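Colleague: The structure under discussion is supplied below as structure tokens; questions concerning it will follow.
There are 2 protein chains.
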Amino acid sequence: MASMLVAAAIFCLAAPSGSGPAATPYSSGRAAAVSGALTRFSVDPAARNPGRQFVAGKVPLGLKRKGLRVLVTGGAGFVGSHLVDRLVARGDSVIVVDNLFTGRKENVMHHFGNPNFEMIRHDVVEPILLEVDQIYHLACPASPVHYKYNPVKTIKTNVVGTLNMLGLAKRIGARFLLTSTSEVYGDPLQHPQVETYWGNVNPIGVRSCYDEGKRTAETLTMDYHRGANLEVRIARIFNTYGPRMCIDDGRVVSNFVAQALRKEPLTVYGDGKQTRSFQYVSDLVEGLMRLMEGDHIGPFNLGNPGEFTMLELAKVVQDTIDPNARIEFRENTQDDPHKRKPDITKAKEQLGWEPKIALRDGLPLMVTDFRKRIFGDQDSATTATEGQ
Amino acid sequence: MASMLVAAAIFCLAAPSGSGPAATPYSSGRAAAVSGALTRFSVDPAARNPGRQFVAGKVPLGLKRKGLRVLVTGGAGFVGSHLVDRLVARGDSVIVVDNLFTGRKENVMHHFGNPNFEMIRHDVVEPILLEVDQIYHLACPASPVHYKYNPVKTIKTNVVGTLNMLGLAKRIGARFLLTSTSEVYGDPLQHPQVETYWGNVNPIGVRSCYDEGKRTAETLTMDYHRGANLEVRIARIFNTYGPRMCIDDGRVVSNFVAQALRKEPLTVYGDGKQTRSFQYVSDLVEGLMRLMEGDHIGPFNLGNPGEFTMLELAKVVQDTIDPNARIEFRENTQDDPHKRKPDITKAKEQLGWEPKIALRDGLPLMVTDFRKRIFGDQDSATTATEGQ
């Protein structure tokens, strides 16, 4: 209890007011590079205010509101919790809805005790009634290990969960942002992928629960926009990494980092020449917020167009953590896309957004967080990047 | 009441026993060509019986069943009602579940009073508990006019409806057949389409509610198969025509036939050179039953590979109904696939199936039915093709 009060007090001192320039939870010296990048990115308050008036929900007459009320589904997850940090920091009232299947309470515990923050343990597959101005809908397991664990539940989350959140948005007049995925492009026949590309997705494969689920979530979002005049936004998120990623979720960055830290060989599937693009999480969060506050529906690719082969990534991990880390080749899984790289022209032009953090700059921040979580330094682990 | 009793009596006289060679509801002189075709197709009872033992549901111990108990969702619709005719004719106990959004009671009324037939007005978006051995899951509006009417409801029907029926199949140990669609191929870049083609579908267009909905239904079906060991079958149905089609559903065959009968000009969209393949409904029903009774999961293309341009189809309609019918060109809709034609090699080889009814033979049977329904000869309309 005492620690919560202290945390709240620290928070109140650290939190900027909603009207000032957007400070970030990264603003301490610990992550100066990232903080600088985020400052360059910060949304101009003058530009943001008209948007705020526009997206206002059904506020009871005569009540003056301070800041926005924002719902973040999946807000205790990797990306969600970083988004929550930014929203809280700018003075919004944030409600997190999370069933904690892959989310972790530790990711948002530093906000406990803040009256502008609330966490509800709830599964979006069931309806929920809340009063907010904006809904960031992130809830869904996002790594193959997790989304294949119960494919039917994954589809329910994507389709029924999105239906519930769209229904809520319609009811309360909130603006709705869907976090979709580069997986809607499947194993793409076009490279890099632009938003108008329809994709190459296997409808009956073992990854389809996620790919097709997200495609249908996009369809639902557009159908609510067309049919109910709902204000919607669609982001297609490419590979993202950073502090608070699940450690053993089978994704390549978290795999390599955890393996190198544990002195295990880095497992490369296939010949290691398949490529991916890696986006640092603060870049993504900035893109999501710009999309929500802007005028454009989407879909928008949000990703870092820098392209790395698996072997190049392994090299960066070796350079960052352990030059002596061994590489072990294993047979590739059948359904692994050969390459994926976002064309971000649209986001650049319409949102004025592009990623700023290079892999060699972002990776060390993630390594610091992983090291603390893996080796049990629990107290400082969750605040590794917050600097509070 | 009296008429129902008479109908029931007539039915009992007309219905063949389940053990004999499969007779069909088309067996009178009125539709001799089709009847002949169906007889050639009929499933050999000896070949069918092992399948029946194999698919048996959880029968209470010591109870001997006669025939199969079969659920047909969407059984009051165009394709569903023809399937029901065949199943009832071979001696099965048939339950139709239909919300009558596009289905019509008239399509199955000739079975009312038969103890082996039951119709439940129910929407598959809500769960239902029944005890059957097989589930043919056809429920979904299938013409663009209908499925675009309420896109969100269309997705719910495809995803939640399929979930409910898969859940039922799992609970009672029934075999499950999903009727998917050639629309999963979208605007195909491969021609003709084979089952291994992943398709070219717009995830955020106005047709996506149907296309993506059906793709996700296929995913769910395979996920239940992989995860719960459910016996599943997937059919991908190409354009089908025949008696009992909805008259004003905007599909080209029903449009042309209704227009020619009403002495209106036949509306051709675009230059009329886009192609489609047209399958007579009895061919499809035969394919669905072979798929259900056989050993192969699918997906299987079920369609007639004969390819017609819209102008060629208009010519056949002119020849059949009114040589003087005018053709009127209109601007094409944005999302109309340019061509579509099934590769049915897989169904030929694994199900021993191929369509038998040529367009010029099938169309007159549909015209007879449409003429009676359009010009109000209600009494004979619904039994036009049953010959009862």
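Heads up: the protein sequence lines correspond to chains A and B, in order.
First residue of the first sequence? That's 84 in the working numbering, and the numbers climb one at a time after it.
First residue of the second sequence? That's 84 in the working numbering, and the numbers climb one at a time after it.
Cβ coordinates follow ideal geometry from the N, Cα and C atoms, glycine included.
Model, not experiment: these values are computed from the prediction.
Using a Cβ cut-off of 9 Å, pull out every chain B residue sitting near residue 223/A, in sequence order please.
Modeller: Correct list: empty, because the minimum Cβ distance to chain B is about 14 Å.
Colleague: With the cut-off set at 8 Å, would you say residue 308/A and residue 262/A are in Cβ contact?
Modeller: Going by C-beta atoms, residue 308/A is not nearer than 8 Å to residue 262/A.
Colleague: Looking only at its chain, what residues have a beta carbon closer than 7 Å to the beta carbon of residue 238/A, apart from the 5 residues adjacent to it on each side?
Modeller: So the list reads 292, 296, once near-sequence residues are dropped.
Colleague: For residue 283/B, return the contacting residues in chain A, with the cut-off set at a CB-CB distance below 9 Å.
Modeller: Going along chain A in sequence order, the residues near residue 283/B (Cβ under 9 Å) are 281, 282, 283.
Colleague: Which residues does DSSP list as the beta-bridge partners of residue 315/A?
Modeller: Looking at the DSSP assignment, residue 315/A forms a beta bridge with 259/A.
Colleague: At which residue ranges does the stretch 156-196 of chain A contain complete alpha helix (DSSP H) runs of 4 or more residues, listed in the order of the chain?
Modeller: Whole alpha helix (DSSP H) segments, 4+ residues: 161-172.
Colleague: I need the boundaries of the alpha helix (DSSP H) containing residue 237/B, first residue and last residue.
Modeller: Segment 234-239, the alpha helix (DSSP H) holding residue 237/B.
Colleague: Looking only at its own chain, which residues have a Cβ that is under 8 Å from the Cβ of residue 355/A, when we skip the five neighbours before and after it?
Modeller: Cβ within range, chain order: 392, 393, 394, 397, 410, 412.
Colleague: Return helix, strand or coil for residue 123/B, following the three-state DSSP convention.
Modeller: Here residue 123/B scores only 37 on pLDDT, less than 50, and its place in the model should not be relied on; the value that follows carries that caveat. In the structure shown, residue 123/B sits in a helix (DSSP, three-state: H, G or I).
Colleague: Tell me where the beta strand (DSSP E) around residue 351/A begins and ends.
Modeller: Looking at the DSSP string, the run of the beta strand (DSSP E) that includes residue 351/A is 349-352.
Colleague: Determine the burial state of residue 406/B: buried for a count of at least 16 other Cβ atoms within 10 Å of its Cβ, exposed for fewer.
Modeller: Residue 406/B comes out exposed.
Colleague: To the nearest angstrom, how far is it from the Cα of residue 415/B to the Cα of residue 352/B?
Modeller: If I take the Cα positions, the gap works out to 5 Å.
Colleague: Whose C-beta lies closer than 6 Å to the C-beta of residue 457/B among residues of the same chain, with five residues either side of it excluded?
Modeller: Closer than 6 Å at Cβ, skipping near neighbours: 344.
Colleague: Leaving out five residues before and five after residue 203/A in sequence, what residues of the same chain have Cβ atoms less than 6 Å from its Cβ?
Modeller: Taken in chain order, the residues that qualify are 180.
Colleague: Determine the extent of the alpha helix (DSSP H) in which residue 433/B is found, giving its start and end residues.
Modeller: Run containing residue 433/B: 428-434, per the alpha helix (DSSP H) assignment.
Colleague: For the alpha helix (DSSP H) that contains residue 229/B, what are its first and last residues?
Modeller: Run containing residue 229/B: 227-230, per the alpha helix (DSSP H) assignment.
Colleague: Comparing C-alpha positions only, which one of 185/B, 430/B, 160/B sits nearest to residue 375/B?
Modeller: Closest option to residue 375/B, Cα to Cα, is 430/B.
Colleague: Should residue 378/A go down as buried or exposed, given a rule of 16 or more other Cβ atoms within 10 Å for buried?
Modeller: Exposed is the call here.
Colleague: Mind listing which residues of the stretch 307-320 of chain A have their C-beta closer than 8 Å to chain B's C-betas, in chain order?
Modeller: If the cut-off is 8 Å between Cβ atoms, the stretch 307-320 of chain A has 307, 309, 310, 317 near chain B.
Colleague: Does the stretch 175-193 of chain A touch the stretch 157-167 of chain A, meaning 3 or more C-beta pairs lie closer than 8 Å?
Modeller: Yes, the stretch 157-167 of chain A is in contact with the stretch 175-193 of chain A.
Colleague: Kindly list the residues whose CB is nearer than 7 Å to the CB of residue 182/A, restricted to its own chain and excluding five residues on each side of it in sequence; keep chain order.
Modeller: Closer than 7 Å at the Cβ level, and outside the excluded window around residue 182/A, lie 204, 205, 206.
Colleague: Name the chain B residues whose beta carbon is nearer than 9 Å to that of residue 251/A?
Modeller: The contacting residues do not exist; residue 251/A stays about 14 Å from chain B at best.
Colleague: Can you grab the Cα-Cα spacing for the pair residue 436/A / residue 370/A, in whole Å?
Modeller: When rounded, the distance between both Cα atoms is 6 Å.
Colleague: How would you write the range of the alpha helix (DSSP H) that residue 376/B sits in, first residue to last?
Modeller: Counting along the chain, the alpha helix (DSSP H) containing residue 376/B begins and ends at 364-376.
Colleague: Going along chain B in order, which residues have a C-beta closer than 7 Å to the C-beta of residue 302/A?
Modeller: Near residue 302/A (Cβ distances below 7 Å), the residues of chain B are 238, 286, 287, 291, 292, 295.
Colleague: Pull up the distance between the alpha-carbon of residue 175/A and that of residue 155/B, whole angstroms please.
Modeller: Straight-line Cα distance between these residues: approximately 52 Å.
Colleague: What three-state label does DSSP hand residue 449/B in the structure shown?
Modeller: Reduced to three states, the DSSP call for residue 449/B is helix.
Colleague: If residue 327/A sits next to residue 226/A, beta carbons under 8 Å apart, how far is it from one beta carbon to the other, in whole angstroms?
Modeller: About 13 Å; that fails the 8 Å criterion.
Colleague: With respect to the alpha helix (DSSP H) encompassing residue 403/B, which residues constitute its N-terminal and C-terminal limits?
Modeller: Where residue 403/B is concerned, the enclosing alpha helix (DSSP H) stretches over 393-403.
Colleague: Rounded to whole angstroms, how far is the Cβ of residue 286/B from the Cβ of residue 301/A, which I believe are closer than 8 Å?
Modeller: About 5 Å; that satisfies the 8 Å criterion.
Colleague: Quick check: is the beta carbon of residue 353/A nearer than 8 Å to any beta carbon in chain B?
Modeller: No, residue 353/A lies away from the interface with chain B (no Cβ there is under 8 Å from its Cβ).
Colleague: Using alpha carbons as the reference points, say which of 454/A, 290/A, 306/A lies closest to residue 232/B.
Modeller: Answer by Cα proximity: 306/A.
Colleague: Using DSSP with H/G/I as helix, E/B as strand and the rest coil, what is residue 357/B?
Modeller: Reduced to three states, the DSSP call for residue 357/B is coil.
Colleague: What does the alpha-carbon distance come out to for the pair residue 153/A and residue 358/B?
Modeller: About 50 Å.
Colleague: Please classify residue 266/B: is it buried, with 16 or more other beta-carbons within 10 angstroms of its beta-carbon, or exposed?
Modeller: That one is buried.
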